[in-house]
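Asks: Residue numbers (our numbering): 33 to 845.
1) Take the Cβ of residue 586 as the centre, count every other Cβ of all protein chains shown within 10 Å, and call the residue buried at 16 or more, exposed below.
2) What does the alpha-carbon distance come out to for the pair residue 145 and residue 204?
3) In the DSSP assignment, find the beta strand (DSSP E) that holds residue 336 and state where it starts and stops.
4) Considering only DSSP beta bridges, list what residue 591 is partnered with.
5) Roughly how many angstroms lie between the CA atoms of residue 512 and residue 451, to the nearest whole one?
6) So what does DSSP say about residue 58, is it helix, strand or coil?
7) Would you check if there are 3 or more beta carbon pairs closer than 8 Å linking the stretch 340–353 to the stretch 265–283?
8) Pairing CB atoms from the stretch 75–92 with CB atoms from the stretch 216–227, are three or more of them under 8 Å?
9) Hey, how far is the Cα of residue 843 from the Cα of residue 800?
10) What is the DSSP secondary structure of residue 519, reduced to helix, strand or coil?
11) If distances are taken between C-alpha atoms only, which option among 66, 195, 404 comes closest to residue 437?
12) Using a Cβ-Cβ cutoff of less than 8 Å, which residues in the same chain neighbour residue 402 once the five nearest sequence positions on both sides are dropped?
13) So if DSSP puts residue 205 in a beta bridge, which residue, or which two residues, is it bridged to?
14) At what residue ranges does the stretch 396–467 contain a whole run of the alpha helix (DSSP H), taking only runs of 4 or more?
15) Do you know offhand how far residue 832's Cα is from residue 653's?
16) In the structure shown, what three-state DSSP assignment does residue 45 receive?
17) Cα-Cα, which of 582, 377, 448, 810 is closest to residue 297?
18) Does DSSP classify residue 628 as helix, strand or coil?
19) Since residue 233 is in the alpha helix (DSSP H), which residue starts that stretch and which ends it?
20) Within 10 angstroms of its Cβ, does residue 463 collect 16 or more other Cβ (buried), or is it exposed?
21) Do the stretch 676–691 and the stretch 779–796 meet, that is, are 3 or more Cβ pairs less than 8 Å apart?
22) CA-CA distance, residue 537 and residue 271?
23) Report the rounded CA-to-CA distance for residue 431 versus residue 47, giving the unit in angstroms.
24) Go ahead and label residue 232 buried or exposed: buried means 16 or more other beta carbons lie within 10 angstroms of its beta carbon, across all protein chains shown.
25) Throw me the rounded Cβ distance for the residue 735 and residue 664 pair, which I believe falls under 8 Å.
26) Of the residues 51, 214, 461, 133, which one's Cα is nearest the Cα of residue 196?
27) So residue 547 and residue 506 are supposed to be a Cβ contact under 8 Å. How far apart are they, rounded?
28) What do you get for residue 630, buried or exposed, if any count of 16 or more other CB atoms within 10 angstroms of its CB means buried?
29) Nearest to residue 152 by CA position, among 132, 198, 139, 225, is which residue?
30) On the CB-based measure, 16 or more other CB atoms within 10 Å of its CB, does residue 350 come out buried or exposed?
31) Within 10 angstroms of the Cβ of residue 380, are there 16 or more other Cβ atoms? Answer buried if so, exposed if not.
32) What would DSSP say about residue 64, mapped onto helix, strand or coil?
33) Would you grab the beta carbon distance between residue 590 and residue 508 for me? Rounded to a whole angstrom, and I think it's under 8 Å.
34) With H, G and I counted as helix, E and B as strand and the rest as coil, what does DSSP make of residue 530?
35) Give, in chain order, every unbroken run of the beta strand (DSSP E) that is at least 3 residues long and sits entirely within the stretch 602–667.
36) DSSP three-state call for residue 739: helix, strand or coil?
Put into C-alpha cells, the structure is as follows:
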C-alpha cells in the first residue's frame, strides 16, 4: 500500500494519540552512529503499520534528527524495506526480496563517496505474541498463513496492541564497507548485505519473542517419539511385565504433568495484574544489569538461575523480562505448586512442573530429561532455582545438581547451533511476602504445606508495606568457554569428569549469585543490630554503624557486581521501623533502637542475605579483638588458613588471600577502624574500637561452629568418627550452645554448614576419609587449632570447652 507524504502525515497524526512505545532498546544514542554519516533505517518488510510506527517514532524525536517520511526525491532514501510482502486472495502472504532494497544497494555502488552510509535495522513488536499453531476460527482468520489474514491481523493488532509496541534496533552496518569488501562479484556482495540484515531481524525476534510456541499436545506427542523416551518405555515394559501401550500411556501422563502450556493472552493478563500488584505491594522493583541479558538474548540459549527467597520469585523474573521487552522464560516449578486453579495459571504463564525426586522412577526421569532438552534445543529461555527450595535461613543454599546435570547433558548432545549461557540473578527483598511463615518456621522448625487458599491470604496483606525489591543480574557464565577453561577435551575422556563438572558448575553459579548481592536498609540494620550484645543500641550509634558498613563496601567492594544501599542511615532506620522489623524506644538521654518483639529470628534471615559480603572484613576485625596490633604476617598466620572455610560456607570467589587482606586493611584504615603504623596496623580510638568489635561479631557464629567441629574431632583418637556421626554430634552441640546463649537462630546449627566444613578440611588435606568412611586427622590440624584458640576470649573458650566435655562425660557413663 503506497501513501503520499501528506497521507503519511495525516495517518500518523490520527494514530499518534493511540500508539504507545513501551520500550526502545537500545536508545538511539547508544548506537554511537557517526555524526557525518547518511543514516538509512531498514524495516523487515513493507507492512504499513510498521512504516506508520516508524514515522511516529521519528516525529517523537526517538531517532535523533532522522526523518523516516517516504522519500520524495534524491537517490538516498530515508528508510528501505528488506522484504516485500506479496499477497493474493488464494495464496499465503510471501516474504520476498524487495526490489527497492536491490535498487538501494545498486545506487550505493554507483555513487561512491567519502560519506559513510549506515543502515540501521529497526523492528516493531506489537503485543509480544510469538507464533504458534492456529486453533479455532479466530486463530485461523488471524494466522499468518491464511490468505485474507495479513491486513486483518495487522488491523486487529493495531487496535488491541497499539499501546504496547516494543522497538528494537539492530547492529548498524556501513553498507559501503560491506559492498566494497572482497567478494566474487557485486551480486555476491549485495547478497551478503541481505544475509547480514536478515540474520539481524531473526536475532531481534528471538530476543523479544523467543521461538514459535508449539501447542502442548504437539510437544507431548513429539516428546514421546524421541529415542531416549522410547527406550525408557521399552525398558519399563520389559522390567515390569506391563503391556507396551499401558507404559506409553503412563509416559504420556508424565509428559502432561510436566509440560507448560504457555499462553500469550495469559502472559499479557499476568503482566497487567502483576504490574498492579507490585505497585500495591512494593515501593518499586529496581533492575540492574539487564544489558547483560540483552547482549546474549537472540544469540545464546539462556538458562536463568536466580536465588530463591520467595514464591514471588517465580512471577517476578518473568514480569521483569516481559516488561523490558525480552522473552519470558519457561520456569521449573515444584510439583507442590501444581494446585487446583493456581497450577493451571502458572502453567499458562510458562511454568513446567518437576517432582522433588526421580529416584526409583526411570521412566519419569527420561521423560523430564527429554522435555528439558527439547525446551533448550528449540530455543526457549529456561529458569530454575539451583538451590531447589526456598532458603529458610536467608543464605544461598548449596546447589542441588539434578537440573544442572540434565542441562549439561543437553548441551553436550550438540543438537543446538547456538551456544549456552547461564545468567545468575540475585533477588533482594526488604520484606518478603512470606515473612510471617518464615518467622514461624524459624521459630518452630516446621514447614507448613502449601495450599491454594494461601493465595487468598495475600489479599489480606495488600495494605502492609513491603519496601523495594532489587533484581541484580550477575556475570553470565558462557558454558563453552567455562568447559574449555576448567574441563578441556583431554580431561573429558575420564568417566568421572561429568560429575566433577556439574559440582564445579553449581558452586560457580552459587558464587556468581552471591557476587550480585544488593544491600538495602533492612539488611544493614539487621547486620548492625544483631551484632550487639543484647540486640539494642542507641540510635546515633546505630546510624554510625550503618554508615560504616555501607562505606566499607564502597571503599572495598566484596565483588565487582555487588551494589551498595541507597539512602541515608536515618531513612533506613525509619524504613525498618515502618516495616515492623525494629522499634524505637524514646529515652531521656536519647532514643534506643531495639529488635521488635519476636522479630529476631526474621532479622537473621535478612542479615544472612548479605552476610557473605562482610565475611572477610569481619574475620580481620575479629583478629584485632584481643590483639591491639598486628602485622600482615601475623594476620596471615592467625587467620590465613580460615579463608578457604569462608569461601566454602559463603560461596565467595577465590582470591589472593594476602592481597585481599591488605586491600581490606587499607579500607578499614581509611574509615578509622584501624591505624597504620610502622609495624602494621593497630586498633583505633575507643569509639572506633567498639565499631570494630561489632563488625567482628558478625563472623563469631562461623568461628564457633568450626571450633566445635574440629575440637570434637580432635578429642577422640583418629579414625573414631564417621562423617555422618561427626556432623550429627556437632549439630547437637551447636543447638545446645544457642539455647545456653538464649539465641533463637536455627541456621546456627544447620547440618549443611557442618558438612561444608568437612568438605573444606578434606580439600585442604587436614583430614582424609578411609575406605570404611572414618575420618583420619593430620597432625597439622591439632597445631592449627591451638593457634586459632587465641582468637577467642577466655570466657568463650571456657564455655566451649565445658560444652565439649559434656558429651564425653555422657559417653563414659
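Glycine included, every Cβ here is placed at the ideal spot set by N, Cα and C.
Replies: If we stick to the structure as given:
1) exposed
2) 19 Å
3) 333–338
4) Paired residue(s): none; residue 591 is not in a bridge.
5) 7 Å
6) coil
7) no
8) no
9) Note that residue 843 scores a pLDDT of 49, beneath 50, so its modelled location is shaky and nothing firm can be said.
10) coil
11) 404
12) 255, 258, 260, 261
13) 151
14) 434–444
15) 21 Å
16) helix
17) 377
18) coil
19) 218–241
20) buried
21) yes
22) 35 Å
23) 52 Å
24) buried
25) Not quite, the Cβ-Cβ distance comes to about 20 Å (not below 8 Å), so this is no contact.
26) 51
27) 6 Å
28) exposed
29) 225
30) buried
31) buried
32) coil
33) Their Cβ separation, rounded to whole angstroms, is 19 Å, which puts residue 590 and residue 508 out of contact at 8 Å.
34) helix
35) 614–617, 624–627
36) helix
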